[in-house]
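Some notes on the structure that comes next.
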Amino acid sequence: MSTAKNIIEAEMPLLRPIPFKDGEDHRHFKFEVDWYYGKLDQLPDFKELGLPGSTVVVKAGEVVNGASIPKVFSNIFAATGILFIGACLHDTGYKYAGLFFVLIDGTEVFHAMSKSKLDDLFASVSQLHYPEHHAAIELAERNLEWFGRGAWDDCRKKDGTYVKPPHPKGFDENFATE
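Letter by letter, the sequence shown follows residues 1 to 178 in the numbering used here.
Now the structure itself:
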């Protein structure tokens, strides 16, 4: 049995499960309050983002489904298990093609991020909290790289037509990276 590293109960997101709809394979969760994730400075690749000391914020009302585990692997991985914290950030990042950050001075900015950068962030966050599950997390990241393009594209399709990612309030081109 695993125990989370570097995260306490007060730092966990407050989520409400959403009842299944017809045809859904994965449970969805709604953020009840804004969730602030401030562990990015502990990640080896975080300096590339250029936002030292900042915190990621996922807004109340956002909906995530955790790790979208294919049914064939659902007995090995739980959508709300070792991959869940990373998946909460990842799902939100895929939706907007980036994440919201609160800087040290309290300013909120949107930081555009590529699919690859968000996949890496998912794995890094999961590794930070569950380092003893390195191989499983690495496998999950490889699957995102190989098979995650559909989810990335689906986040920007409306009625089968590509929609450019939204530029939410606070978007700053100076912080955009690929």
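Note that beta-carbon positions come from the ideal geometry of N, C-alpha and C, so glycine has one too.
These numbers come from a predicted model, not from an experiment.
query                                                                                                                                              : result
With distance defined between alpha-carbon atoms, name the residue in A10, I8, G23, R27 nearest to P17.                                            : R27
Please classify W146 as buried or exposed, where buried requires at least 16 neighbouring CB atoms within 10 angstroms.                            : exposed
Do V58 and F31 have their C-beta atoms closer together than 7 Å?                                                                                   : yes
Could you name the residues that DSSP lists as bridge partners for I85?                                                                            : Beta-bridge pairing links I85 to no other residue.
When you compare each of Y37, N6, E24 to L14 by their alpha carbons, which one comes out closest?                                                  : Y37
Going straight from the alpha carbon of H129 to that of I8, what length do you get?                                                                : 10 Å
Report the rounded CA-to-CA distance for T107 versus Y96, giving the unit in angstroms.                                                            : 19 Å
Could you tell me the boundaries of the beta strand (DSSP E) in which V33 lies?                                                                    : First-last for V33: undefined, no H or E at that position.
Assuming D34 and N65 are in contact, meaning their beta carbons sit under 8 Å apart, how far apart are those beta carbons, in whole angstroms?     : Rounded, the Cβ-Cβ distance is 19 Å, inconsistent with contact.
In terms of alpha-carbon separation, which member of T80, V56, E24 lies closest to V109?                                                           : V56
Looking at the structure shown, is N174 part of a helix, part of a strand, or coil, going by DSSP?                                                 : Per-residue confidence for N174 stands at a pLDDT of 45, beneath the threshold of 50, marking its modelled position as unreliable; no derived number is given.
Which value, in whole angstroms, describes the spacing of the CA atoms of L103 and P131?                                                           : 27 Å
Alpha carbon to alpha carbon, how far is L83 from D105?                                                                                            : 30 Å
L43 and S124 - do their beta-carbons sit closer together than 7 Å?                                                                                 : yes
Can you list, in chain order, the residues of its chain whose CB lies under 8 Å from that of D119, leaving out five sequence neighbours each side? : H90, E141, L144, E145, G148
Specify the secondary structure class of E108 as computed by DSSP and reduced to three states.                                                     : strand
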